[in-house]
Amino acid sequence: MTETFADRHGKYGVMAQFEDPEQLLEAANRAYAAGYRNMDAYTPMPIDGLAEAVGFRRNWVAPIVLFFGLCGAIGGFSLLWWISVIAYPHNVAGRPFNSWPAYIPITFECTVLLAALSAVVGMLALNKLPMPYHPVFNVQNFSRASVDRFFLCIEASDPKFDLAKTRAFLEQLNPEEVADVEK
Amino acid sequence: MPSRFETTDELEPPVIDPGPDKIIAPGFTYATVTDKIAGVVFKPIQTTPKQWFISLFLAFVAMQGLLAGACWLFYKGVGVWGIVVPVAWGFAIVNFVWWIGIGHAGTLISAILLLLKQDWRTSINRFSEAMTLFAVAQAGMFPILHLGRPWLPYWLLPYPNSMWLWPNPRSPLIWDVFAVSTYLTVSLIFWFIGLVPDLATMRDRAKKEWQKLVFGMLGMGWRGSAKHWARYQMAYLLLGGLATPLVVSVHTVVSFDFAISLLPGWHTTIFPPYFVAGAIYSGFAMVVTLAVPARKWFHLEDIITMRHMDCMGKLMLGTGLIVGYGYCMEAFMSWYSGNPHEMFMYLNRATGPYRYFFWSLILCNILIPQSLWSAKVRQSIPALFCVSIVVNIGMWLERFIIVITSLARDFLPSSWGMYYPTQWDWAVYVGTLGFFLVLMILFVRVLPSISIFEVREVLHHLAPNIADDGPAPAPAHGD
Chain A
1 MTETFADRHG KYGVMAQFED PEQLLEAANR AYAAGYRNMD AYTPMPIDGL AEAVGFRRNW
61 VAPIVLFFGL CGAIGGFSLL WWISVIAYPH NVAGRPFNSW PAYIPITFEC TVLLAALSAV
121 VGMLALNKLP MPYHPVFNVQ NFSRASVDRF FLCIEASDPK FDLAKTRAFL EQLNPEEVAD
181 VEK
Chain B
184 MPSRFETTDE LEPPVIDPGP DKIIAPGFTY ATVTDKIAGV VFKPIQTTPK QWFISLFLAF
244 VAMQGLLAGA CWLFYKGVGV WGIVVPVAWG FAIVNFVWWI GIGHAGTLIS AILLLLKQDW
304 RTSINRFSEA MTLFAVAQAG MFPILHLGRP WLPYWLLPYP NSMWLWPNPR SPLIWDVFAV
364 STYLTVSLIF WFIGLVPDLA TMRDRAKKEW QKLVFGMLGM GWRGSAKHWA RYQMAYLLLG
424 GLATPLVVSV HTVVSFDFAI SLLPGWHTTI FPPYFVAGAI YSGFAMVVTL AVPARKWFHL
484 EDIITMRHMD CMGKLMLGTG LIVGYGYCME AFMSWYSGNP HEMFMYLNRA TGPYRYFFWS
544 LILCNILIPQ SLWSAKVRQS IPALFCVSIV VNIGMWLERF IIVITSLARD FLPSSWGMYY
604 PTQWDWAVYV GTLGFFLVLM ILFVRVLPSI SIFEVREVLH HLAPNIADDG PAPAPAHGD
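Line by line, the protein sequences are chains A and B. Under the working numbering, think of the first position of the first sequence as 1, with each following residue one higher. Under the working numbering, think of the first position of the second sequence as 184, with each following residue one higher.
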């Protein structure tokens with residue numbers, strides 16, 4: 001693997017701070033148009049279209065939930081079938097052992113349980129959370145990213161990254177402040 | 184235009200309820216709304232309102248009923264309760280159904296209103312999700328206490344054991360185990376995952392070291408990345424989509440406990456929808472009961488506005504009418520079925536030994552809530568609060584009537600019997616009320632009880648360019 005700028009200079013990237021989400025969205029679109037790919041935006045609430053603007057393409061959460069939901073359905077039904085047909089067949093008023101309509105409520109609950117758990121665990125895993133340390137927190141003003149400020153960080157791992165040029169590029173996007181992000 | 188920030192008194196800015204048209208008072212910015220909600224948690228203990236301490240104390244005292252009742256029950260057995268043959272399902276099942284139902288409004292607000300894009304849900308969803316969680320926790324205790332051998336609840340679960348026994352998956356009681364435990368789990372993760380971005384905000388706002396540590400751990404290093412938000416929103420939406428059928432299924436399964444049996448008054452197909460509507464009805468009543476003091480103690484009238492109260496009043500009225508329709512159908516079907524046992528069941532409810540309960544139930548659930556047709560009642564806090572208490576009582580009476588009257592007088596007069604709750608029934612019931620309130624009262628003080636990031640989202644949608652420095656937006660009059 002070739003050595004990136006980040007490895008040479010110990011910087012994580014350059015971060016610009018914006019006052020409102022529209023400026024940030026505009027800046028993210030322009031950074032993407034300028035050829036930057038490794039970047040991320042940080043906001044106190046979800047902003048429509050921002051993830052796409054910083055190059056987020058594939059949201060795997062829904063396929064994961066579908067997969068585990070199906071696992072829950074099949075697993076739940078199979079468990080009930082196995083209990084009542086194989087493990088502990090029990091004649092209740094002459095009804096068939098495989099009286100499947102009676103299995104539907106539990107099958108449904110198992111589907112929802114696994115799908116819901118996989119939605120949360122899958123989302124956290126894809127986001128690589130919990131993460132106790134991250135370089136962006138080194139930026140002094142970053143604590144406002146969870147309150148009222150909007151940040152765009154172009155990362156040093158980007159092939160096009162150059163500390164001075166990237167900084168200059170971000171400065172022309174009308175930010176309140178631009179700061180280096182130490183690793 | 185008067186603004187709430189004009190005052191110079193920094194300690195107690197006057198809180199103005201913007202009335203029934205607005206979901207949030209004008210003049211809020213991302214920063215001020217964050218400060219306001221987080222401020223409730225960071226408030227020094229000396230400035231916590233006195234009513235909060237008094238309520239916590241009273242709830243804590245009531246909670247001891249559960250301790251005493253459960254200890255005595257574990258020592259002596261279920262004979263300390265009023266349950267007899269034929270009424271083997273007493274308060275424990277009444278309270279179980281009632282508590283589970285109360286939880287349902289929380290899920291309705293957080294999941295169904297999310298899918299319906301009702302933006303007024305934002306100020307109350309966190310609060311009602313917590314209510315769901317705590318109510319389901321109370322509900323979950325009752326079947327276990329009722330087991331007779333309460334140290335063996337794990338026998339309900341299908342697990343490989345040395346006796347080679349498995350639960351019967353054709354029994355609604357086992358469906359219940361799965362439905363309630365799934366509901367509790369999903370409510371918990373829904374609530375917690377909604378809290379994560381706000382816990383990160385709390386971490387960044389905390390001044391004390393231990394607060395930073397606690398909120399930092401709970402916030403899991405959330406940093407508000409756009410990519411994270413995209414996955415977060417997808418997960419949240421899917422959870423909403425999953426919780427919606429789940430909440431309907433839970434009370435449906437609870438109603439199956441009754442409907443699958445053959446007892447007159449229980450064996451009816453109207454039970455699932457009627458139980459779900461009743462659950463949401465009682466849940467909304469409980470949200471109102473809890474929201475009224477909470478918004479007053481912490482001066483949140485500008486975020487939980489009259490509009491929220493008005494909407495909840497309307498939903499109570501709507502679900503109450505569905506419940507009323509259920510009562511009418513029960514009466515109609517008992518006549519239309521031509522079945523003498525069914526006809527007797529209804530006559531027995533209305534004129535039998537439990538008739539006072541029945542007519543109080545009609546008064547509490549059907550007659551008094553009709554006052555909610557009037558906007559004056561919906562927009563008067565004392566009136567709405569009173570109606571909500573009445574509905575809570577009414578829904579409890581409904582559970583009582585359903586469980587007790589059908590068991591007390593079934594097909595054969597020779598097997599009839601009466602049920603009288605004992606002091607230990609009451610102790611456990613009041614104890615769970617206390618436990619629930621203790622949890623709620625602590626919750627509104629130690630965690631952000633309103634979803635801060637979602638309120639910011641609402642602000643963003645209302646006025647996209649409102650971010651600005653400091654607490655004071657451009658004052659209307661120069662100073």
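Think of the CB as a built atom: it goes at the ideal place given N, C-alpha and C, for glycine as much as any other residue.
The beta carbons of D493 (chain B) and Q562 (chain B) sit closer together than 8 Å. Excluding residues up to 5 positions away in sequence, W480 lie with their Cβ nearer than 6 Å to the Cβ of W235 (chain B) in the same chain. Using a CB distance cut-off of 8 Å, V181 (chain A) does not count as an interface residue toward chain B.
Ranking B:M403, B:K559 and B:G535 by CA distance to the CA of M489 (chain B) puts B:K559 first. When DSSP states are grouped into helix, strand and coil, Q172 (chain A) belongs to the coil group.
One finds nothing in chain A with a Cβ atom closer than 8 Å to the Cβ of L645 (chain B); even the nearest lies about 13 Å away. For N174 (chain A), the closest Cβ of chain B is not nearer than 8 Å.
Residue pairing of D200 (chain B) in beta bridges, as defined by DSSP: absent, with no partner found. For H329 (chain B), the number of other beta carbons within 10 angstroms of its own is at least 16, and it is reported as buried.
Contact note: P130 (chain A) reaches chain B through M403 and G404, using a C-beta cutoff of 7 Å and chain order.
Neighbours of F108 (chain A) in chain B, taken as residues at a C-beta separation under 8 Å, are given in chain order as P428 and S432.
Boundaries of the beta strand (DSSP E) harbouring Q17 (chain A): K11 to F18, taken from the DSSP string. Of all residues in the segment 72-105 of chain A, only L79, L80, I83, S84, A87, Y88, H90, V92, S99, A102, Y103 and P105 place a beta-carbon less than 7 Å from a beta-carbon of chain B.
Within chain A, the residues N59, V61, M123, L126 and N127 have their CB atoms less than 7 Å from the CB of R414 (chain B), given in chain order. At a Cβ-Cβ threshold of 8 Å, A318 (chain B) and V611 (chain B) do not count as neighbours.
For P135 (chain A), the nearest beta carbon of chain B is not closer than 8 Å to its own beta carbon. Annotation for M39 (chain A): the continuous beta strand (DSSP E) segment containing it runs M39 to Y42. Rounded to whole angstroms, L473 (chain B) and V613 (chain B) show a C-alpha spacing of 17 Å.
Around the beta-carbon of G262 (chain B), fewer than 16 other beta-carbon atoms lie within 10 Å, marking it exposed. Under the three-state reduction of DSSP output, A179 (chain A) falls in the strand class. A direct Cα-Cα distance of roughly 7 Å separates A221 (chain B) from M385 (chain B). Within the same chain, Cβ atoms closer than 6 Å to the Cβ of P333 (chain B) are found at I327, the five residues on either side in sequence being excluded. Taking a Cβ-Cβ threshold of 8 Å, the residues of chain A close to K410 (chain B) are D40, A51, V54, F56 and N127, in chain order. For W349 (chain B), the chain A residues whose C-beta falls within less than 7 Å of its own C-beta are I83, A87 and Y88, listed in chain order.
Boundaries for E155 (chain A): no alpha helix (DSSP H) harbours it, while the beta strand (DSSP E) harbouring it runs F150 to E155, taken from the DSSP string. With a contact defined as Cβ atoms closer than 8 Å, R582 (chain B) and V277 (chain B) qualify at about 5 Å. Cβ-Cβ separation between S465 (chain B) and N575 (chain B): approximately 6 Å, consistent with a contact (criterion under 8 Å).
As a beta-bridge residue in DSSP terms, S408 (chain B) pairs with A:Y42. Around the C-beta of V629 (chain B), fewer than 16 other C-beta atoms lie within 10 Å, and the residue is accordingly described as exposed.
Here DSSP, grouped into helix, strand and coil, assigns E484 (chain B) to coil. Residue contact check for V506 (chain B) against chain A: no CB pair falls below 8 Å. The C-beta of W358 (chain B) comes closer than 8 Å to at least one C-beta of chain A.
Using a Cβ distance threshold of 8 Å, F151 (chain A) and A34 (chain A) do not count as a contacting pair. In the three-state reduction of the DSSP assignment, L544 (chain B) falls in the helix class, which pools H, G and I. At least one C-beta of chain A is nearer than 8 Å to the C-beta of L421 (chain B). Closer than 8 Å to the CB of G509 (chain B) there is not a single CB belonging to chain A.
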